[in-house]
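J.:
Listed below in structure tokens is the structure:
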């Protein structure tokens with residue numbers, strides 16, 4: 045299974061992370077390669093209708109024909125989410141301890 049990555053510094057960081065699962069909201073495009081050489085492309089908007097790739101595959105009537113898949117990540121979305129989370133973490137102020 046291929047995962048396409050842009051050649052930017054943030055992508056290099058993501059490249060070094062061991063990914064066990066990818067939340068569907070971070071997938072830009074999913075391509076399914078079927079046994080009859082057909083390529084089914086599923087775009088981000090359609091992916092948002094399911095909670096996981098597994099759920100999507102179960103709903104497909106051609107699931108038994110899938111030989112391979114490639115995933116194109118939404119690096120802009122990932123970068124924005126990571127930036128927001130880090131900003132919140134760095135701006136966090138502990139509540140005053142009144143003890």
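In this note's numbering, the protein residues as written are 45 to 143.
We put the beta carbon where it would ideally sit given N, CA and C, even for glycine.
Quantities reported herein were computed from a predicted structural model and do not represent experimental measurements.
(1) Closer than 7 Å by C-beta to residue 118: which residues in its own chain qualify, once you throw out the five before and the five after it? Chain order, please.
(2) Threshold first: 4 residues or longer. Then list the alpha helix (DSSP H) segments lying entirely within the stretch 55 to 106, N to C.
(3) Apart from the five residues just before and just after residue 100, which ones in its own chain have a Cβ nearer than 6 Å to its Cβ?
(4) Are the CB atoms of residue 109 and residue 85 within a distance shorter than 7 Å?
(5) In whole angstroms, give me the CA-to-CA distance for residue 67 and residue 111.
(6) One question on the structure: do residue 74 and residue 115 come within less than 7 Å of each other, judged by their Cβ atoms?
(7) What separation, rounded to the nearest whole angstrom, lies between the Cα atoms of residue 129 and residue 105?
T.: Taking the geometry as given:
(1) For the purposes of this step, residue 118 is taken as residue 74 along the chain shown, with counting starting at 1. So the qualifying residues of the chain are 70, 71, 72, 88.
(2) For the stretch 55 to 106, whole alpha helix (DSSP H) runs of length 4 or above, ordered along the chain, are 88 to 91, 97 to 103.
(3) By one-based count along the chain shown, residue 100 stands at place 56. Excluding sequence neighbours, residue 100 sits near 94.
(4) Here residue 85 refers to the residue found at position 41 of the chain shown. Here residue 109 refers to the residue found at position 65 of the chain shown. Going by C-beta atoms, residue 85 is not nearer than 7 Å to residue 109.
(5) Counting from one through the chain shown, the residue named residue 67 turns up at place 23. Counting from one through the chain shown, the residue named residue 111 turns up at place 67. If you take the alpha carbons of residue 67 and residue 111, they lie about 22 Å apart.
(6) By 1-based counting over the chain shown, the position of residue 74 is 30. By 1-based counting over the chain shown, the position of residue 115 is 71. Against a cut-off of 7 Å, the Cβ pair of residue 115 and residue 74 comes out as a contact.
(7) To locate residue 129, count along the chain shown from 1; it is residue 85. To locate residue 105, count along the chain shown from 1; it is residue 61. Roughly 38 Å between the two C-alpha positions.
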